[in-house]
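Count the sequence shown with this note's numbering and you get residues 2 to 250, in order.
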Amino acid sequence: MKWRRGLRAGSYEDPQLRLVPFWPLSDGEIHYFYWFIQGSIMNAGVRWALRRAWGLCERHAWAALAVETAFRSDYVLGPTVLYVDLLDRCLSHIPRSGPFRPLRFRRCMRATGPCMACDMGLYWATNGLAKSELLDQGRRTDALVSYARRYRELWQPNACQLCAGSPRTDDLSADNTLCRPHILAQRNTPTENQIRSLQALLETTYNHVSILDRSYTLGNEGTERPEGHAALLTTIGWLSGWRPLLALT
Ligand SMILES: [Zn+2]
Ligand SMILES: [Zn+2]
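Now the structure itself:
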């Protein structure tokens with residue numbers, strides 16, 4: 002299978018999907034992510050697959066959020082629980098000291114498993130007898146666009162310049178925020194300064210998204226802040242890449 006060859010070559014997403022526009026989603030993707038929201042995200046096997054891959058590939062990370070917001074609008078409990086967990090893991094994997102820190106950082110940030118949605122061939126799957134109303138609603142991206150636009154001022158400064166279309170360069174300063182896939186694609190390892198500024202960004206993001214996570218628990222209703230929603234978008238963008246969201250907004 003072509004996909005398996007891609008995996009061995011270090012690509013963790015379905016190479017055939019690179020030829021397909023990010024939007025609209027296929028029936029198979031909508032149907033799967035609809036059920037994903039309904040609980041499979043909490044399944045231990047699924048959680049470990051997501052941890053190994055640092056979430057989902059760029060396409061499927063935003064596809065999952067698009068389907069979530071299409072059905073639940075701003076009630077982003079499932080993604081928040083998932084991304085608090087992934088960001089916590091990510092921060093705990095960033096080496097704090099010791100020799101070859103940039104090299105070790107790069108190694109830790111590599112996925113060790115495929116995007117589970119690509120691995121299942123979701124794009125190519127049938128609609129699984131999903132009702133056409135469900136597919137129509139799940140294909141709509143206006144809820145994600147409206148959600149992202151509302152918090153744009155807060156997340157946009159964190160978006161990856163290369164995802165946004167800046168010319169590719171291997172000489173990026175510490176001020177340039179790159180997403181995880183673009184950091185890994187750079188020829189040079191990140192500098193100490195870049196790792197430090199990235200760590201600071203991820204720690205701030207984690208604090209905000211944790212407050213959002215807590216706001217879904219009993220007794221903490223109404224404590225969510227715009228920064229939490231922007232932090233959720235920053236987490237997804239940093240772990241998986243920003244292009245599908247930027248293409249929409
Ligand atoms: Zn994927
Ligand atoms: Zn990027």
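A virtual CB, placed ideally from N, CA and C, is assigned to each residue, including glycine.
| Query | Result |
| --- | --- |
| Beta-carbon proximity check, Ala165 vs Thr250, cutoff 7 angstroms | no |
| Val21 burial status per 10 Å Cβ neighbour count (16 or more: buried) | exposed |
| Beta-carbon contacts of Gly238 that lie in its chain and below 8 angstroms, excluding the five residues immediately before and after | Trp156, Asn159, Ala160, Cys161, Cys164, Cys180, Leu246 |
| CB-CB length for Thr142 against Trp36, believed under 8 angstroms | That belief does not hold up - the Cβ atoms of Thr142 and Trp36 are roughly 19 angstroms apart, past 8 angstroms. |
| Cβ contact check for the region 93 to 113 and the region 190 to 204: 3 or more pairs under 8 angstroms | yes |
| Cβ-heavy atom distance, His61 to ligand 1, below 6 angstroms | yes |
| From Arg111, Ala126, Ile31, Leu135, residue whose alpha carbon lies closest to that of Ile184 | Arg111 |
| CA-to-CA distance, Asn189 to Leu234, given in whole angstroms | 27 angstroms |
| Which of helix, strand or coil DSSP assigns to Val82 | helix |
| Backbone CA spacing between Arg73 and Leu66 [nearest angstrom] | 10 angstroms |
| contact_flag[the region 201 to 215, the region 132 to 140] where n(CB pairs < 8 angstroms) is 3 or more | no |
| Cβ-based neighbour list, Ala231, same chain, cut-off 6 angstroms, excluding 5 preceding and 5 following | Tyr152, Leu155, Trp156 |
| Which of helix, strand or coil DSSP assigns to Ala112 | coil |
| Proximal residues to Leu18 (C-beta, below 7 angstroms), its chain only, five neighbours per side dropped | Arg60, Cys119, Tyr124 |
| Proximity of Arg53 and Gly114 at Cβ, strictly below 7 angstroms | yes |
| Any non-hydrogen atom of ligand 2 closer than 6 angstroms to Leu57 Cβ | no |
| Alpha-carbon spacing of Gly242 relative to Ser41, whole angstroms | 23 angstroms |
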